[in-house]
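Remarks on the structure that follows.
Spelled out as structure tokens, the structure:
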């Protein structure tokens, strides 16, 4: 592990906090959360899209965001899908528990994406944004499991043991691609809940997402951060999160995630 380069990367992230849409740094220099400001603007009002996790619908959308982001593809896919969920008139949880609504939404997913693009402005992306059809299948699963998920969060907070929630949600099939479970993006949920203060006992060490982009940066010889070779188990996901948190603290995985977009800044700082 190269501690000097890790320190340098943290500094570059803070300096460039205005240049990337997912870098939200607070007055203390820590990560202010990804969903506090998506940097996706309503074209008419110029208001940025955000989620207030004290509102149940927005809390539901956070889980939807994490579930959709667990698929392959660029992160903008899930971000814009989350925008669609909130801007849609059908933004209540019970709507998504009706299988007929899921079928109808799938059939018009291209038009739904166009609605978002017509109403919101976002930074250009290299590849075409898309709403995968299995996004909607996961919404159905999420809506059916919602009360149990919330109960596991309450139990975790009460017992000061968030493994209760992690174990519960990691066993729900269909929140990942196809019939798979969701594991890698669980720390994303915990991180955003922790940052907005929805629950007070969430440990920072379990709030770092070790997705492939982050893992590639960690493995770069510049940093040489050794993460578990596989994130197929919850134990490895949490272990990877702890290692990242030990290096970056309350910047979480943000510096490693941002590194591919900041390589030019890195080179200029040499």
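Numbering (the numbering used here), first residue to last: 148 to 417. We put the beta carbon where it would ideally sit given N, CA and C, even for glycine.
Could you check how far apart the C-beta atoms of residue i and residue j are, in whole angstroms? I think they sit under 8 Å.
i, j, result
"residue 397", "residue 361", "Going by Cβ atoms, the distance from residue 397 to residue 361 rounds to 16 Å, so no, they are not a contact pair."
"residue 334", "residue 353", "6 Å"
"residue 403", "residue 365", "6 Å"
Using DSSP with H/G/I as helix, E/B as strand and the rest coil, what is residue i?
i, result
"residue 357", "coil"
"residue 400", "coil"
"residue 268", "strand"
"residue 204", "helix"
"residue 188", "strand"
"residue 172", "strand"
"residue 392", "helix"
"residue 310", "helix"
"residue 423", "A question about residue 423 goes unanswered here, because the residues of the chain that appear run from 148 up to 417."
"residue 378", "coil"
"residue 319", "coil"
"residue 274", "coil"
"residue 350", "coil"
"residue 363", "helix"
"residue 166", "coil"
"residue 183", "coil"
"residue 217", "coil"
"residue 240", "helix"
"residue 324", "coil"
What span of residues does the alpha helix (DSSP H) with residue i cover, start to end?
i, result
"residue 154", "150-162"
"residue 295", "280-306"
"residue 226", "222-234"
"residue 338", "333-342"
"residue 411", "410-415"
"residue 372", "First-last for residue 372: undefined, no H or E at that position."
"residue 246", "246-254"
Going by DSSP, what residues sit across from residue i in a beta bridge?
i, result
"residue 195", "188"
Between the segment 188-195 and the segment 213-226, do three or more beta carbon pairs fall short of 8 Å? Touching, no.
Three or more C-beta pairs under 8 Å: does that hold for the segment 272-289 against the segment 227-247? Taking 8 Å as the limit for Cβ pairs, the verdict is that the segment 227-247 does touch the segment 272-289.
Given 8 Å as the limit, is there contact between the segment 329-338 and the segment 378-388, that is, 3 or more CB pairs closer than that? Contact between the segment 329-338 and the segment 378-388 is present, because at least three Cβ pairs lie under 8 Å.
Check whether the segment 271-283 and the segment 242-262 are in contact - that is, three or more C-beta pairs closer than 8 Å. Flag = yes, the segment 271-283 and the segment 242-262 touch.
Between the segment 292-303 and the segment 311-323, can you find at least three pairs of beta-carbon atoms closer than 8 Å? Segments in contact, yes.
For the pair the segment 196-204 and the segment 167-176, tell me if three or more CB-CB distances fall below 8 Å. No, they do not touch.
Do the segment 334-343 and the segment 177-184 make contact, defined as three or more Cβ pairs closer than 8 Å? With the cut-off at 8 Å, the segment 334-343 and the segment 177-184 touch.
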